[in-house]
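Contents: one structure, followed by commentary.
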């Protein structure tokens, strides 16, 4: 057993940390206040290779491993959640899903430009009336000759107004839709610009206000048959396997958010004096800081275990879900405690911790709410739930294969 | 074109703490970084390579740990790196450091330009770069904020120096040693390809034995004419704040101006 990060991982961590500190931190408060997504960050992340960090070099990526993906997410969310969200939808939910399930043609056409950051991608499962109840989606795709006709509406989609490519889930079997049989759902790769596709942005969110979240509507959108990802009827499995990758990035990001709360609190506890001493000397403040440290270490260890399993090519649905549940709930608690440490100042946007608190709540809900996570863990323990092998598994990380030109 | 960049690993802090008993820097708990001014030198060398082809070699003198700094330069795009590390080099002042680096550069062979940061953020002397040029008997141009022209074929360079009175444009022959200021560029981040190269690269370590031209009497503490008698933190500066309150900004400014005139500040 080895708990040490390699030199390579440490250098990746430092690079993304420096990148986030220099490119994101100086303007984040301004963008958050204006509820404005800063598009200029995308070409910078692309040029640096971050958007395709764990995609093989031959598919336009940087050829790094899944631990590197996690470290990048941690460092991005240390500064702000909005930038980790880019990684979650673009790299986690979409690009890795193409790597796992896509045909060679689909990888060349969609994964390569996504890994290079020339195209931005997102994922559309959730609908206005279906979140945790994924089988409750209403979108449909009707086969007509060599294409499908897609109708429906997706909601709470990160980068909805920004992305070029969408991975969308819809019913292709109406009998099964009525019977709520998930083998009637199919996954589609859809491009912006196709007739009948429109997107919109949602304002007034509690947090991640510097991030873009919105809706996608499909009105008789023609989707070529070759844009079915996987096989017809495999969509639900694809959606769930994508969540293994999305949750992985969310968990790592949440660990970064806990660390941000801890660092901000430690700094403030040494600056601020009350009753004649710096507040770090007060035991009840120490208790808040102790809990943040505990949550950071535990979240990080759960994330590292999930990353190690991914690198080995071992199915990690349970372990990743646990990391996501623990780290996101931990980040919400840590952020609330960080505001507490800062007192009245923490309640104002003079300090970052109020933004951390607002940002932390979303991830407790999306990509599997904490309630869904609890049900999953219980069902695994009780033996009610078992992972069946998938037709296409996410490949184990192999440095030689990943870095082959 | 061959560029050689001399870099130093320094503690990641601007508030250097000194152990009053031993008169040495307290390094415990302080992460190490590449001296920020040196990152501009690395970037400038990489830009020269991009324009003219050739190679960039980074050189550092320090403990084994300083390999981390060299690896960062390789991750940014430097082609090769050499660490100078030996007990015989310990305790070097700026003269002995410049001497040792110059001997290593002699061993490296032909070059067109040596780039250094204008100074290190820990020692703040700004002497090592010029010292190397003197040892190698080549011209030195310090505080460079822009390279206007650089031509390895005709061996000419034209640069702008950032001086207190303004900018000075100087033309010079190659090879030359340049020390750079932060206005010269914005250093790039390491790339993933660079990171992989850096972590797999075996960086050679040269000690006194590898520097054939070096005179052992000029190395380390023995070769250092400077004796550090005492190091101390200067006492914190005192001061008071006077606030001027007025109905309009211009009234407040007038009050401030009167006070500054009375105190002969302006």
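Residue numbers (the working numbering), protein chains in the order written: chain W, 178 to 582; chain V, 3 to 268. The C-beta atom is built at its ideal place from N, Cα and C for all residues, glycine as well. Just so you know, these numbers come straight off a predicted model, no measurement behind them.
Give, in chain order, every unbroken run of the alpha helix (DSSP H) that is at least 4 residues long and sits entirely within the stretch 453 to 539 of chain W.
-> 460 to 489, 494 to 523
Where in the stretch 383 to 453 of chain W do unbroken runs of the alpha helix (DSSP H), each at least 4 residues long, occur, reported from the N-terminal end onward?
-> 412 to 448
Since residue 122 of chain V contacts residue 217 of chain V with CB under 8 Å, what's their CB separation in whole angstroms?
-> What you label residue 122 of chain V is simply residue 120 of the second chain in a count that begins at 1. What you label residue 217 of chain V is simply residue 215 of the second chain in a count that begins at 1. At roughly 25 Å, the Cβ-Cβ gap does not stay under 8 Å, so residue 122 of chain V and residue 217 of chain V are not in contact.
For residue 557 of chain W, collect the residues of the same chain with a Cβ closer than 6 Å to its Cβ; drop the 5 residues on either side in sequence, then sort them by chain order.
-> In the first chain, residue 557 of chain W corresponds to position 380, counting from 1. Cβ neighbours of residue 557 of chain W beyond the five flanking positions: 495.
Enumerate in chain order the residues of its own chain whose CB-to-CB distance from residue 296 of chain W is below 6 Å, with the five nearest sequence positions on each side excluded.
-> As a first step, residue 296 of chain W must be located in the first chain, where it is residue number 119. Counting only Cβ-Cβ distances below 6 Å, and skipping sequence neighbours, we find 290, 341, 342.
Measuring CA to CA, which of W:214, W:567, W:477, W:388 is closest to residue 492 of chain W?
-> Indexing the first chain from 1 puts residue 492 of chain W at position 315. Among W:214, W:567, W:477, W:388, the Cα nearest to that of residue 492 of chain W is on W:567.
According to DSSP, which residues form a beta bridge with residue 180 of chain V?
-> Locating residue 180 of chain V in the second chain gives position 178, counting from the first residue. Partner(s): V:117, V:143.
How about residue 92 of chain V and residue 254 of chain V: are their beta carbons less than 7 Å apart?
-> Along the second chain, one-based indexing puts residue 92 of chain V at 90. Along the second chain, one-based indexing puts residue 254 of chain V at 252. Their beta carbons are not under 7 Å apart, which means residue 92 of chain V does not touch residue 254 of chain V by this criterion.
Enumerate in chain order the residues of its own chain whose CB-to-CB distance from residue 95 of chain V is below 6 Å, with the five nearest sequence positions on each side excluded.
-> By one-based count along the second chain, residue 95 of chain V stands at place 93. These residues qualify, in order along the chain: 226, 228.
Answer yes or no: does any C-beta atom of chain W fall closer than 7 Å to that of residue 207 of chain V?
-> To locate residue 207 of chain V, count along the second chain from 1; it is residue 205. Judged by the 7 Å Cβ criterion, residue 207 of chain V is not in contact with chain W.
Could you have a look at residue 2 of chain V and say whether DSSP puts it in helix, strand or coil?
-> Given that chain V is displayed from residue 3 to residue 268, the structure contains no residue 2 of chain V and the question cannot be resolved.
Which residues share a DSSP beta bridge with residue 300 of chain W?
-> Sequence index remark: in the first chain, residue 300 of chain W carries index 123 (1-based). According to DSSP, residue 300 of chain W bridges with W:344.
For residue 417 of chain W, decide whether its Cβ has a neighbour in chain V, counting only Cβ atoms nearer than 7 Å.
-> In the first chain, residue 417 of chain W corresponds to position 240, counting from 1. By this cut-off, residue 417 of chain W is not an interface position.
Taking 7 Å as the CB-CB cut-off, is residue 423 of chain W touching chain V?
-> Numbered from its first residue, the first chain carries residue 423 of chain W at position 246. No - not a single Cβ of chain V is within 7 Å of the one on residue 423 of chain W.
Rounded to whole angstroms, what's the CA-CA distance from residue 124 of chain V to residue 35 of chain V? Just pull it up for me.
-> The residue labelled residue 124 of chain V in the question sits at position 122 within the second chain. The residue labelled residue 35 of chain V in the question sits at position 33 within the second chain. Straight-line Cα distance between these residues: approximately 11 Å.
Could you list which residues in chain W have their beta carbon closer than 7 Å to that of residue 192 of chain V, in chain order?
-> Here residue 192 of chain V is taken as the residue at index 190 of the second chain, counted from 1. Within chain W, the C-beta atoms nearer than 7 Å to that of residue 192 of chain V come from 188, 192, in chain order.
Where does residue 272 of chain W fall in DSSP's three states?
-> By 1-based counting over the first chain, the position of residue 272 of chain W is 95. Reduced to three states, the DSSP call for residue 272 of chain W is helix.
If residue 72 of chain V and residue 117 of chain V are in contact, beta carbons under 8 Å, what's the gap, nearest whole angstrom?
-> Start at 1 with the first residue of the second chain, and residue 72 of chain V comes out as number 70. Start at 1 with the first residue of the second chain, and residue 117 of chain V comes out as number 115. That pair is no contact at about 15 Å.
Taking 8 Å as the threshold, find out whether the stretch 249 to 269 of chain W comes into contact with the stretch 195 to 208 of chain W through three or more Cβ pairs.
-> yes
Answer yes or no: do residue 421 of chain W and residue 349 of chain W have a C-beta to C-beta separation smaller than 7 Å?
-> Locating residue 421 of chain W in the first chain gives position 244, counting from the first residue. Locating residue 349 of chain W in the first chain gives position 172, counting from the first residue. Not closer than 7 Å, so no.
Counting Cβ pairs, one atom from each stretch, are 3 or more of them under 8 Å apart for the stretch 81 to 92 of chain V and the stretch 548 to 555 of chain W?
-> no
For the stretch 203 to 232 of chain W, which residues have a beta carbon sitting closer than 8 Å to at least one beta carbon of chain V?
-> 225, 226, 230
Go ahead and pull the three-state DSSP assignment for residue 157 of chain V.
-> What you label residue 157 of chain V is simply residue 155 of the second chain in a count that begins at 1. Coil, per DSSP.
Indicate whether the contact test is met: 3 or more Cβ pairs, each with one atom in the stretch 197 to 216 of chain V and one in the stretch 151 to 166 of chain V, closer than 8 Å.
-> no
Going by Cα to Cα distance, which pick from V:131, V:53, V:252, V:219 is closest to residue 39 of chain V?
-> Counting from one through the second chain, the residue named residue 39 of chain V turns up at place 37. The shortest Cα separation from residue 39 of chain V among V:131, V:53, V:252, V:219 belongs to V:131.
Within the 7 Å Cβ cut-off, does residue 241 of chain W reach chain V?
-> Looking up residue 241 of chain W in the first chain gives position 64. Taking Cβ atoms only, chain V reaches closer than 7 Å to residue 241 of chain W, which makes this a yes.
Apply the 10 Å Cβ neighbour rule to residue 561 of chain W and answer buried if 16 or more other Cβ atoms are within range, or exposed otherwise.
-> Residue 561 of chain W sits at position 384 when you count from the first residue of the first chain. In the assembly as shown, residue 561 of chain W is an exposed residue. Its beta-carbon has fewer than 16 other beta-carbons within 10 Å.
Given a threshold of 16 other Cβ atoms within 10 Å of its Cβ, counted over all protein chains shown, does residue 217 of chain W qualify as buried or as exposed?
-> Sequence index remark: in the first chain, residue 217 of chain W carries index 40 (1-based). Label assigned to residue 217 of chain W: exposed.
Counting only beta-carbon atoms, is residue 197 of chain V nearer than 7 Å to chain W?
-> In the second chain, the residue the question calls residue 197 of chain V occupies position 195. Closer than 7 Å: yes.
Are three or more beta carbon pairs between the stretch 241 to 255 of chain W and the stretch 387 to 394 of chain W nearer than 8 Å?
-> no
Out of W:525, W:324, W:460, W:214, point me to the one whose CA is closest to residue 371 of chain W's CA.
-> Residue numbering aside, residue 371 of chain W sits at position 194 when the first chain is read from its first letter. Cα-wise, what sits closest to residue 371 of chain W is W:324.
Across which residues does DSSP place residue 207 of chain V in a beta bridge pair?
-> Taking the second chain and counting its residues from 1, one reaches residue 207 of chain V at position 205. V:85.
Secondary structure at residue 196 of chain V, three-state DSSP: helix, strand or coil?
-> For the purposes of this step, residue 196 of chain V is identified with residue 194 of the second chain, where counting begins at 1. In this structure, residue 196 of chain V counts as helix in the three-state DSSP scheme.
Please check if any C-beta of chain W sits within less than 7 Å of the C-beta of residue 71 of chain V.
-> For this step, residue 71 of chain V is matched to residue 69 along the second chain. By this cut-off, residue 71 of chain V is not an interface position.
Take every Cβ of the stretch 405 to 423 of chain W, pair it with every Cβ of the stretch 370 to 384 of chain W, and state whether three or more of those distances are shorter than 8 Å.
-> Counting C-beta pairs closer than 8 Å gives fewer than three between the stretch 405 to 423 of chain W and the stretch 370 to 384 of chain W, which falls short of the contact rule.
Quick one: using the 10 Å Cβ neighbour count with 16 as the cut-off for buried, is residue 252 of chain W buried or exposed?
-> On the first chain, residue 252 of chain W is found 75 positions in, with the first residue counted as 1. Its Cβ being crowded by 16 or more others within 10 Å, residue 252 of chain W is buried.
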